[in-house]
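Enquirer: Here it is, the structure, as structure tokens.
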Amino acid sequence: MAEKYIARSKAIAARLVGGEMMVMSAADSTFFTLNEVASTIWQAADGRTPLAEIVAGKVCQEFDVDPEQAQRGADRFVDELSQHGILLVSEHPMIEKDSSLSPERP
Amino acid sequence: MTTILPTIAKEAVSIEIGGLAIALRTQDPSFHRLIENRYTGFVGTSPASHLEFDIDLCEPSESAIDEDLEVKIKDGEWLLKRGDFRARWNPQTRHGRIRQSCSPYAIDSVLRIVHSLILARQGGFLVHAASAVRGGKAFLFSGVSGAGKTTISRLAPPDATLLTDEISYVRREGNRYMACGTPFAGELARVGENCSAPLSALFLLEKGLQNRIEPVGPSEAIQRLLRNILFFADDPELVKLVFQSACEFASLVPIHRLIFVPDQRVWDIIR
Numbered sequence: 067m068a069e070k071y072i073a074r075s076k077a078i079a080a081r082l083v084g085g086e087m088m089v090m091s092a093a094d095s096t097f098f099t100l101n102e103v104a105s106t107i108w109q110a111a112d113g114r115t116p117l118a119e120i121v122a123g124k125v126c127q128e129f130d131v132d133p134e135q136a137q138r139g140a141d142r143f144v145d146e147l148s149q150h151g152i153l154l155v156s157e158h159p160m161i162e163k164d165s166s167l168s169p170e171r172p
Numbered sequence: 042m043t044t045i046l047p048t049i050a051k052e053a054v055s056i057e058i059g060g061l062a063i064a065l066r067t068q069d070p071s072f073h074r075l076i077e078n079r080y081t082g083f084v085g086t087s088p089a090s091h092l093e094f095d096i097d098l099c100e101p102s103e104s105a106i107d108e109d110l111e112v113k114i115k116d117g118e119w120l121l122k123r124g125d126f127r128a129r130w131n132p133q134t135r136h137g138r139i140r141q142s143c144s145p146y147a148i149d150s151v152l153r154i155v156h157s158l159i160l161a162r163q164g165g166f167l168v169h170a171a172s173a174v175r176g177g178k179a180f181l182f183s184g185v186s187g188a189g190k191t192t193i194s195r196l197a198p199p200d201a202t203l204l205t206d207e208i209s210y211v212r213r214e215g216n217r218y219m220a221c222g223t224p225f226a227g228e229l230a231r232v233g234e235n236c237s238a239p240l241s242a243l244f245l246l247e248k249g250l251q252n253r254i255e256p257v258g259p260s261e262a263i264q265r266l267l268r269n270i271l272f273f274a275d276d277p278e279l280v281k282l283v284f285q286s287a288c289e290f291a292s293l294v295p296i297h298r299l300i301f302v303p304d305q306r307v308w309d310i311i312r
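So the protein lines, in turn, are chains A and B. Just so you know, we're using our numbering here: the first sequence kicks off at 67 and counts up by one. Just so you know, we're using our numbering here: the second sequence kicks off at 42 and counts up by one.
Laid out in structure tokens, this is it:
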């Protein structure tokens, strides 16, 4: 299965309030409040670390969670946020180019 | 024989809301009077204004009447468009022009939009909320239509000064917020008092079986506040600013849920 890389979009506003990460899309004003696990994935979404590595290295280390269950949850979370353009998803590591992120050419 | 010519109103009417004076210039004497009457209490006396608009009146277009509102910036100029008006406004020159039908609703909307755009850059906002001043402190009562903004306004005791029953004006001043009166009225059909006071609390309105105040978590408070902030522009940068303003506001102003019955005693628990 192809690797999945995730990066935070620039077209969002986010703030950590009371231990919860709040994220709003600047494009359609969709609002999300992320729980601790989702916040961990969000903060690790640097465009260079594969999602599987984030789940194994961060989520499973910091939370008492079954690895397969964590991966399924992470996939659902990424799918939902990517539909609103809040997370960018690529099969390749993403590089920062001007103010946007684009997949690195192999 | 002396011929009396109809006079043409060349002077602008300055409407001051939240300390910001917007001069409206129309050549139509009856529209000039309409503006003065509609914004009674908010007509400025100072000759200086922060912005000015020339208003051209036109016949309403049947085909465009249902056109949705569109607010966007192009080449440094804000373009505002709806079925009943077209407006452009240049923040650099502080001058704009409105083409509208002879309707008070159109000018009301333009004023709301312009204020919301200006406030967004200053950490403030317009919000769907009633507001009142009591004992030198301002309180906001926010909620969607039907939540009780007009009801809580009607129940206000005589020593409370009503700022608005519909659209509240929130301005940031350092580490505090001021609530300012607005002429934007709801069902009460009464303009607010043109005064301001430091904001003491925001209450999220809910009708219930008894009067009580409940705490609200920070993320819910911000989300509810964002839902009620008036924001019209299709501009991602300003959306981010409004989001940050809501977060800042929630960190500085207590936000509670006010569950109430339509009874004057609700004001006993508002402190």
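All C-beta atoms, glycine included, are put in the ideal place defined by N, C-alpha and C. A quick note: this is a predicted structure, and the numbers were derived from the prediction, not measured.
Where do the ends of the beta strand (DSSP E) carrying B/His169 lie?
Expert: 166-175
Enquirer: Give the DSSP-derived three-state secondary structure of A/Gly123 in the structure shown.
Expert: helix
Enquirer: Would you tell me roughly how many angstroms separate the C-alpha atoms of A/Met88 and B/Ser90, rounded to the nearest one?
Expert: 39 Å
Enquirer: Among the residues of its own chain, which have a CB less than 6 Å from the CB of A/Phe98, if the five just before and after it don't count?
Expert: Val89
Enquirer: In chain order, which alpha helix (DSSP H) runs of at least 4 residues are fully inside the segment 137-219 of chain B?
Expert: 145-161, 190-195
Enquirer: Does any residue of chain A bring its CB to less than 7 Å from the CB of B/Pro277?
Expert: Chain A places a beta carbon closer than 7 Å to that of B/Pro277, counting this residue as a contact.
Enquirer: For B/Asp97, which residues from the same chain have a beta carbon less than 6 Å from its beta carbon, with the 5 sequence-adjacent residues on both sides left out?
Expert: Cβ within range, chain order: Arg140.
Enquirer: Is it true that the CB of B/Asn269 sits closer than 7 Å to the CB of B/Gly82?
Expert: no
Enquirer: Could you check whether the Cβ of B/Phe290 sits closer than 7 Å to any Cβ belonging to chain A?
Expert: No, no contact with chain A.
Enquirer: Is B/His73 helix, strand or coil by DSSP?
Expert: In the three-state DSSP reduction, B/His73 falls in the helix class (H, G or I).
Enquirer: Note down, in chain order, each residue of its chain lying with its Cβ closer than 6 Å to the Cβ of B/Pro303, except the 5 sequence neighbours on either side.
Expert: Thr192
Enquirer: Can you confirm whether the segment 198-207 of chain B touches the segment 216-226 of chain B when touching is taken to mean that 3 or more C-beta pairs between the two stretches lie within less than 8 Å?
Expert: The answer is yes - the segment 198-207 of chain B touches the segment 216-226 of chain B, with three or more Cβ pairs under 8 Å.
Enquirer: Throw me the rounded Cβ distance for the B/Ala161 and B/Leu279 pair, which I believe falls under 8 Å.
Expert: 5 Å
Enquirer: Helix, strand or coil: which one does DSSP assign to B/Pro295?
Expert: coil
Enquirer: Is it true that the segment 74-87 of chain A meets the segment 240-252 of chain B, where meeting means three or more beta-carbon pairs spaced less than 8 Å apart?
Expert: no
Enquirer: Pull out every residue of the segment 81-92 of chain A whose Cβ sits closer than 7 Å to any Cβ of chain B, in chain order.
Expert: Arg81, Val83, Gly84, Glu86, Met88, Met90, Ala92
Enquirer: Could you tell me if A/Glu173 is buried or exposed, where buried requires 16 or more neighbouring beta carbons within 10 angstroms of its beta carbon?
Expert: Coverage of chain A is limited to positions 67 through 172, which leaves residue 173 of chain A absent and any answer about it impossible.
Enquirer: Using the Cα positions of A/Val83 and A/Glu102, report the straight-line distance between them to the nearest angstrom.
Expert: 12 Å
Enquirer: What residues of chain B sit near A/Ala77, judged by a beta carbon separation below 7 Å?
Expert: Pro277
Enquirer: Any beta carbon of chain A sitting closer than 7 Å to that of B/Gln382?
Expert: Outside the modelled stretch of chain B, which goes from 42 to 312, sits residue 382 of chain B, for which no answer is possible.
Enquirer: Can you find a C-beta in chain B that's less than 7 Å from the C-beta of A/Ala73?
Expert: no
Enquirer: Using three-state DSSP, classify A/Leu117 as helix, strand or coil.
Expert: Helix.
Enquirer: Nearest by alpha-carbon distance to B/Phe166: which of B/Ser209, B/Val151, B/Ala188 is it?
Expert: Nearest neighbour of B/Phe166 by Cα position, chosen from B/Ser209, B/Val151, B/Ala188, turns out to be B/Ser209.
Enquirer: If we count Cβ pairs, one from each stretch, closer than 8 Å, do we get three or more for the segment 280-287 of chain B versus the segment 107-118 of chain A?
Expert: No, they do not touch.
Enquirer: Is the segment 149-157 of chain B close to the segment 118-136 of chain B, with three or more CB pairs under 8 Å?
Expert: Contact holds: three or more Cβ-Cβ distances are below 8 Å.
Enquirer: Does the Cβ-Cβ distance between B/Cys143 and B/Phe72 come in under 7 Å?
Expert: yes
Enquirer: Beta-carbon of B/Phe166 versus every beta-carbon of chain A: anything under 7 Å?
Expert: Not one chain A Cβ lies under 7 Å of B/Phe166.
Enquirer: Apply the 10 Å Cβ neighbour rule to B/Gly233 and answer buried if 16 or more other Cβ atoms are within range, or exposed otherwise.
Expert: buried
Enquirer: Just the C-alpha distance for A/Ala68 and A/Pro116, rounded to the nearest angstrom, thanks.
Expert: 10 Å
Enquirer: Which word fits A/Phe129, buried or exposed, when buried means at least 16 other C-beta atoms lie within 10 angstroms of its C-beta?
Expert: exposed
Enquirer: For the beta strand (DSSP E) holding B/Thr67, just list the boundary residues, first then last.
Expert: 61-67
Enquirer: I want to see whether chain B comes within less than 7 Å of A/Asp164, judged by CB atoms only; does it?
Expert: Because the pLDDT at A/Asp164 is just 48, under 50, the model does not fix this residue reliably, and the value given afterwards should be weighed accordingly. No, because no Cβ of chain B sits closer than 7 Å to the Cβ of A/Asp164.
Enquirer: Quick one: grab the DSSP three-state call for A/Ile152.
Expert: Correct three-state label for A/Ile152: coil.
Enquirer: Pick helix, strand or coil for B/Cys313, following the three-state DSSP scheme.
Expert: The requested residue 313 of chain B does not occur in the structure, where chain B is confined to residues 42 to 312.
Enquirer: Specify the secondary structure class of B/Leu279 as computed by DSSP and reduced to three states.
Expert: helix
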